[in-house]
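Input: a single structure, listed below in structure tokens.
Number of protein chains: 2
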Amino acid sequence: MTIPVPPVPVFDPAELTLTSVRGLRAAGVRAGIKASGNPDVGLLVADAPVPAAAVFTRNHFAAAPVLRSRAHLEASGGLVRAVVVNSGNANACTGAQGEADARAMCAQVAQLVGCPEHQVLVCSTGVIGVKLPMDRVRAGITAAHAALSREVEAGRSFLLAIMTTDAFPKEACARAGAAVVAGVAKGAGMIQPNMATMLGFLATDAAVPAAALRAALPALAAKSFNAVHVDTHTSTNDTLLVLSTGAAGEVSGWLDRSTEVARRLAWLIARDGEGATKVTTIEVTGAASEAAAKAIAERVAASALVRTALYGNDPNWGRFTSAVGNAPEVKNAAALRCVLQGVEVFRAGEPTDFDRAAVSRAMAREDVSLALELRDGQGAAVVMTSDLGYRYVQVNAEYTT
Amino acid sequence: MTIPVPPVPVFDPAELTLTSVRGLRAAGVRAGIKASGNPDVGLLVADAPVPAAAVFTRNHFAAAPVLRSRAHLEASGGLVRAVVVNSGNANACTGAQGEADARAMCAQVAQLVGCPEHQVLVCSTGVIGVKLPMDRVRAGITAAHAALSREVEAGRSFLLAIMTTDAFPKEACARAGAAVVAGVAKGAGMIQPNMATMLGFLATDAAVPAAALRAALPALAAKSFNAVHVDTHTSTNDTLLVLSTGAAGEVSGWLDRSTEVARRLAWLIARDGEGATKVTTIEVTGAASEAAAKAIAERVAASALVRTALYGNDPNWGRFTSAVGNAPEVKNAAALRCVLQGVEVFRAGEPTDFDRAAVSRAMAREDVSLALELRDGQGAAVVMTSDLGYRYVQVNAEYTT
Numbered sequence: 001m002t003i004p005v006p007p008v009p010v011f012d013p014a015e016l017t018l019t020s021v022r023g024l025r026a027a028g029v030r031a032g033i034k035a036s037g038n039p040d041v042g043l044l045v046a047d048a049p050v051p052a053a054a055v056f057t058r059n060h061f062a063a064a065p066v067l068r069s070r071a072h073l074e075a076s077g078g079l080v081r082a083v084v085v086n087s088g089n090a091n092a093c094t095g096a097q098g099e100a101d102a103r104a105m106c107a108q109v110a111q112l113v114g115c116p117e118h119q120v121l122v123c124s125t126g127v128i129g130v131k132l133p134m135d136r137v138r139a140g141i142t143a144a145h146a147a148l149s150r151e152v153e154a155g156r157s158f159l160l161a162i163m164t165t166d167a168f169p170k171e172a173c174a175r176a177g178a179a180v181v182a183g184v185a186k187g188a189g190m191i192q193p194n195m196a197t198m199l200g201f202l203a204t205d206a207a208v209p210a211a212a213l214r215a216a217l218p219a220l221a222a223k224s225f226n227a228v229h230v231d232t233h234t235s236t237n238d239t240l241l242v243l244s245t246g247a248a249g250e251v252s253g254w255l256d257r258s259t260e261v262a263r264r265l266a267w268l269i270a271r272d273g274e275g276a277t278k279v280t281t282i283e284v285t286g287a288a289s290e291a292a293a294k295a296i297a298e299r300v301a302a303s304a305l306v307r308t309a310l311y312g313n314d315p316n317w318g319r320f321t322s323a324v325g326n327a328p329e330v331k332n333a334a335a336l337r338c339v340l341q342g343v344e345v346f347r348a349g350e351p352t353d354f355d356r357a358a359v360s361r362a363m364a365r366e367d368v369s370l371a372l373e374l375r376d377g378q379g380a381a382v383v384m385t386s387d388l389g390y391r392y393v394q395v396n397a398e399y400t401t
Numbered sequence: 001m002t003i004p005v006p007p008v009p010v011f012d013p014a015e016l017t018l019t020s021v022r023g024l025r026a027a028g029v030r031a032g033i034k035a036s037g038n039p040d041v042g043l044l045v046a047d048a049p050v051p052a053a054a055v056f057t058r059n060h061f062a063a064a065p066v067l068r069s070r071a072h073l074e075a076s077g078g079l080v081r082a083v084v085v086n087s088g089n090a091n092a093c094t095g096a097q098g099e100a101d102a103r104a105m106c107a108q109v110a111q112l113v114g115c116p117e118h119q120v121l122v123c124s125t126g127v128i129g130v131k132l133p134m135d136r137v138r139a140g141i142t143a144a145h146a147a148l149s150r151e152v153e154a155g156r157s158f159l160l161a162i163m164t165t166d167a168f169p170k171e172a173c174a175r176a177g178a179a180v181v182a183g184v185a186k187g188a189g190m191i192q193p194n195m196a197t198m199l200g201f202l203a204t205d206a207a208v209p210a211a212a213l214r215a216a217l218p219a220l221a222a223k224s225f226n227a228v229h230v231d232t233h234t235s236t237n238d239t240l241l242v243l244s245t246g247a248a249g250e251v252s253g254w255l256d257r258s259t260e261v262a263r264r265l266a267w268l269i270a271r272d273g274e275g276a277t278k279v280t281t282i283e284v285t286g287a288a289s290e291a292a293a294k295a296i297a298e299r300v301a302a303s304a305l306v307r308t309a310l311y312g313n314d315p316n317w318g319r320f321t322s323a324v325g326n327a328p329e330v331k332n333a334a335a336l337r338c339v340l341q342g343v344e345v346f347r348a349g350e351p352t353d354f355d356r357a358a359v360s361r362a363m364a365r366e367d368v369s370l371a372l373e374l375r376d377g378q379g380a381a382v383v384m385t386s387d388l389g390y391r392y393v394q395v396n397a398e399y400t401t
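In the order they appear, the protein sequences are chains C and P.
Every letter in the first sequence is one number past the one before it in the working numbering, and letter 156, counting from 1, is 156.
Every letter in the second sequence is one number past the one before it in the working numbering, and letter 305, counting from 1, is 305.
Here you go:
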């Protein structure tokens, strides 16, 4: 079965990348963990220990590197000197050996860089239930350390080294006054075949204390990575890290720019939704609370019926409204108004007399907007979702573990 | 794109059907509501008012016939003389006109049969947001009343008249001593393209008071129709009705047989899951409570990653365990044991050394069993789900409303 592959975004034309953040060096090398021969060990090193904050997966089967990184962040009081990442193997469901391997990766980096182990974080992504090939990982870390550089290419090689089944690299950068905010991510909107790790690394040379990073992270994540509908799965390895080298001094606007960068990365993840042809931004307003709005938006985004309608460019208001109608968080469903690509398609319990063909054509765009307006209160939320087409089934059913 | 259609079950070879229940007459006629020309008005009439109980959709946009039937059941104290059903049009999202039409259908039947309006229930299924063609509906009801019969063919014609996009008719029957339990249903596991109404009608000539029917219905539904994972949608029109003509007198075992019949109908609905190739029965045991077990089973059943793995005959334990690992209801994930088609594939946080090829072959059967064993408590639940393949996308993306 031949199914067309969606177009692939490319690097941001602005020549900014992770290593544009002053005080950071990066590298990505081929260690032979991935069968593809692509880069699979990445290293990010700050010139000195820098403030950092992170959010990790809440999956009960959190992988060994997640447990290790979480412990290190706590032990270091939020100071990080280096981050080591391998792709091709998630080091998840690997028992005591997996825990020892995650620790060994940190120890090796700590020795090479010259810092305490607890200032090193580790992330792994790839197949689960398979032990890490530690000889290759060790050689990869040594090579990555030797290759550390501040060049643009070094930042991009780090990005390439964290990818698994991503259809394209995901990078977003912005300037905040004298400072740079840079971010890279891996993952796909509906989760990668073998479980879908989402990794995101945001860095800025704006000076931000660890406590401020920690305080800002939940809202930043809620508006970006946590606004991507990722099936009902979160992976064993999901990690979002933000760090501040401080080289540019204090800068206003770092948080707004960081949120924009994170949001762009999240959009790219949804866009890379395993055969996705578009990203649909579902905005619920007028819900009883923000939590209610989020729950309603998630319910719509989670519906395979909604997502296949989006794929088919079908302005099937019945699927959207019935998804809303199923949400216990809705108080007064009769007030629902439904606006698709700017066109009112449903209000007061009945469909409007809209132009189906025109709305269908508008749905063929890469960016689709679905606004669901209630009158229960002031709660609002946004969720981005991929559509569901033949390639999703192909990628997920024909991928053999 | 040519995608193979799954095989179609046929009528139960035992020559029992709805009209085998003594005291019931039925008919199904072509009224021209459906473009296909298939039967689309069904009528079920008891010789006298009989005890009945029903559960209806909880969707906020419950259709006019649902509101009307609910009100009638309450007004009649659970006594029903007739049920009228039309397919091809759901009479949902149709405003005040829709309410008047549902009422008019009941009034016409009441006059023909000679009973109070509140002893008539009405169900509609089909497209939503379109007014009923009442001239055709009225002519259909007249014709159906004239065709009422106790023959097997009459029961089957009623069944054919309630179908919409079902790939095959769904019927199940059993004997309980001298009594008959018969059931018919329409609907598909992952919901029909234009919203997925599930209608189920169970009848027995065992004598059961309305209060006993009402008391039994929640557990019966939980073990059958509510154990089918139907996406995250329930339709505006879902209705499950059970009635007892009492012609066979008091009979022990009617509830067990009714539950079996309902469960078989539910299995058929899952089997007809819009291109489904199999039904997977997900059994969670050892959860903290029954509600926890149900929530965990639903989470696994809801996962597009799990369902595509089932379609692909891929023993992808990582998807099953990560779905469980995402459930907040799980206490001790480390104790999870995962048994697929009788083969232990995961325990103590790691995959077993199972024979992937053999398990994959076993997954190609029409009936797949996935047992998820926890040690949090005594809670258990079963959910049946369809797999997710190319035909699901085809049916749902290429269907134009």
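Just so you know, even glycine gets a beta-carbon here, dropped at the ideal spot from N, CA and C.
Applying a beta-carbon distance threshold of less than 9 Å, which residues of chain P neighbour C/A216? Result: empty, since nearest Cβ-Cβ is about 25 Å, beyond 9 Å.
Could you name the residues of the region 320-337 of chain P whose beta carbon sits closer than 7 Å to any beta carbon of chain C, in the order they occur along the chain? Flagged, chain order: T321, S322, A323, G325, N326, V330 and A333.
Less than 7 Å between the C-beta atoms of P/G349 and P/A161, yes or no? Their beta carbons are not under 7 Å apart, which means P/G349 does not touch P/A161 by this criterion.
Go through its chain and collect everything with a Cβ distance to C/T321's Cβ below 7 Å, but skip five positions before and after it. Exclusion of the five residues before and after C/T321 leaves L336, C338 and F346 as the residues of its chain whose Cβ lies within less than 7 Å of its Cβ.
Name, going along the chain, the residues of the region 46-64 of chain C whose beta-carbon falls closer than 7 Å to a beta-carbon of chain P. Of all residues in the region 46-64 of chain C, only N59, H60 and F61 come within less than 7 Å of chain P when Cβ atoms are compared, listed by chain position.
Below 9 Å on C-beta distance, what does C/C93 contact in chain P? Neighbours of C/C93 on chain P, chain order: W317, G318, T321, F346, G349, E350 and P351.
Counting only C-beta atoms, is P/V284 closer than 7 Å to chain C at any point? Taking CB atoms only, P/V284 has no neighbour in chain C less than 7 Å away.
What's the C-alpha gap between P/A71 and C/A334? Rounded to the nearest angstrom, the two C-alpha atoms are 19 Å apart.
Would DSSP call P/A203 helix, strand or coil? Judged by DSSP in its simplified three-state form, P/A203 adopts strand.
Taking only the alpha-carbon atoms, compute the straight-line gap between C/V300 and P/K294 and give it to the nearest angstrom. Per the coordinates, the alpha-carbon of C/V300 lies some 21 Å from the alpha-carbon of P/K294.
Please identify, using Cβ separations under 8 Å, the residues of the region 296-311 of chain C that lie next to chain P, in order along the chain. Residues R299, A302, S303, A304, L305, T308, A309 and Y311.
Residues in the region 264-284 of chain C with C-beta within 9 Å of chain P's C-beta atoms, listed in sequence order? Considering only beta carbons, no part of the region 264-284 of chain C lies closer than 9 Å to chain P.
What number of angstroms, rounded off, separates the C-alpha of P/T308 from the C-alpha of C/L388? Going from the Cα of P/T308 to the Cα of C/L388 covers about 12 Å.
Measuring straight from C-alpha to C-alpha, what distance separates C/P6 and C/T164? Bear in mind that the predicted position of C/P6 carries a pLDDT of just 44, short of 50, making it too unreliable to give a figure here.
So which residues of chain P does C/V184 contact, with C-beta pairs closer than 8 Å? Those within 8 Å of C/V184 in chain P number zero; the least Cβ separation is about 24 Å.
Closer than 7 Å by beta-carbon distance: list the chain C residues that pair up with P/I128, in chain order. Neighbours of P/I128 on chain C, chain order: G318.
Within the 7 Å Cβ cut-off, does C/G342 reach chain P? Taking Cβ atoms only, chain P never reaches closer than 7 Å to C/G342, which makes this a no.
Out of P/D47, P/V66, P/K131 and P/F56, point me to the one whose CA is closest to P/G114's CA. Measuring from the Cα of P/G114, the nearest candidate turns out to be P/D47.
Of the choices P/V279, P/R271 and P/V184, whose alpha-carbon is the least far from that of P/A152? Here the sequence assigns Val to residue 152 of chain P, which means Ala is not the residue at that position. Minimum Cα distance to P/V152 is reached at P/V184.
If you run the structure through DSSP and keep just helix, strand and coil, what is P/K170? The DSSP-derived three-state label of P/K170 is strand.
C/V113 touches chain P at which residues, Cβ-Cβ below 7 Å? Chain-order list of chain P residues neighbouring C/V113: empty, with the shortest C-beta distance near 31 Å, by a criterion of under 7 Å.
DSSP on P/N226, reduced to helix/strand/coil? In this structure, P/N226 counts as helix in the three-state DSSP scheme.
Taking its Cβ as the centre, do 16 or more other Cβ atoms sit within 10 Å of P/P328, making it buried, or is it exposed? With fewer than 16 Cβ atoms within 10 Å of its Cβ, P/P328 is classed as exposed.
Alpha-carbon to alpha-carbon, C/G273 and C/Q192: Its pLDDT being 40, under 50, C/Q192 is placed unreliably in this model, and the value from its coordinates should be taken loosely. Taking the straight line from one Cα to the other gives about 8 Å.
Below 8 Å between beta carbons is the criterion; list the residues of the region 359-383 of chain C that meet it against any residue of chain P, in chain order. Taking 8 Å as the Cβ-Cβ cut-off, the region 359-383 of chain C has no residue approaching chain P.
Taking the straight line between their C-alpha atoms, what separation do you get for C/S20 and C/H118? Approximately 25 Å between the Cα atoms of the pair.
Does C/V208 have its Cβ less than 7 Å from a Cβ in chain P? Among the residues facing chain P, C/V208 is not included, as its CB has no counterpart in that chain under 7 Å away.
Is it buried or exposed for P/Q378, if we count other Cβ within 10 angstroms and need 16 for buried? Burial is judged here by how many other beta carbons sit within 10 angstroms of a residue's own beta carbon; P/Q378 has fewer than 16 and is exposed.
Does DSSP put C/G32 in a helix, a strand or coil? In this structure, C/G32 counts as coil in the three-state DSSP scheme.
Identify, in the order they occur along the chain, each residue of the same chain with its Cβ nearer than 7 Å to the Cβ of C/L305, setting aside the five sequence neighbours on each side. Here C/L305 has R319 as same chain residues with Cβ atoms under 7 Å from its own Cβ, once five neighbours each way along the sequence are excluded.
Helix, strand or coil: which one does DSSP assign to C/M384? Three-state DSSP puts C/M384 in a strand.
Please list, in chain order, all residues of the same chain as C/V359 whose beta carbon is under 8 Å from its beta carbon, the five residues on each side excluded. Annotation for C/V359: P315, L340, Q341, V343 and V345 place their beta carbon closer than 8 Å to its own, counting only its chain and skipping 5 residues before and after.
Who pairs with C/P346 in a beta bridge, going by DSSP? Reading off the sequence shown, one finds Phe at residue 346 of chain C, where the question assumed Pro. Answer is C/C338 and C/P351, bridged to C/F346.
For the putative contact between P/S157 and P/G28, defined by C-beta atoms under 8 Å, what is the C-beta separation to the nearest angstrom? Between P/G28 and P/S157 the Cβ distance is about 3 Å, and since that is below 8 Å, they are a contact.
Just to check my reading of the structure: C/L241 and C/L121 have Cβ atoms closer than 8 Å, yes? What is that Cβ distance to the nearest angstrom? Rounded, the Cβ-Cβ distance is 7 Å, consistent with contact.
Rounded to the nearest angstrom, what separates C/Q111 and P/V383 at their Cα positions? Approximately 52 Å between the Cα atoms of the pair.
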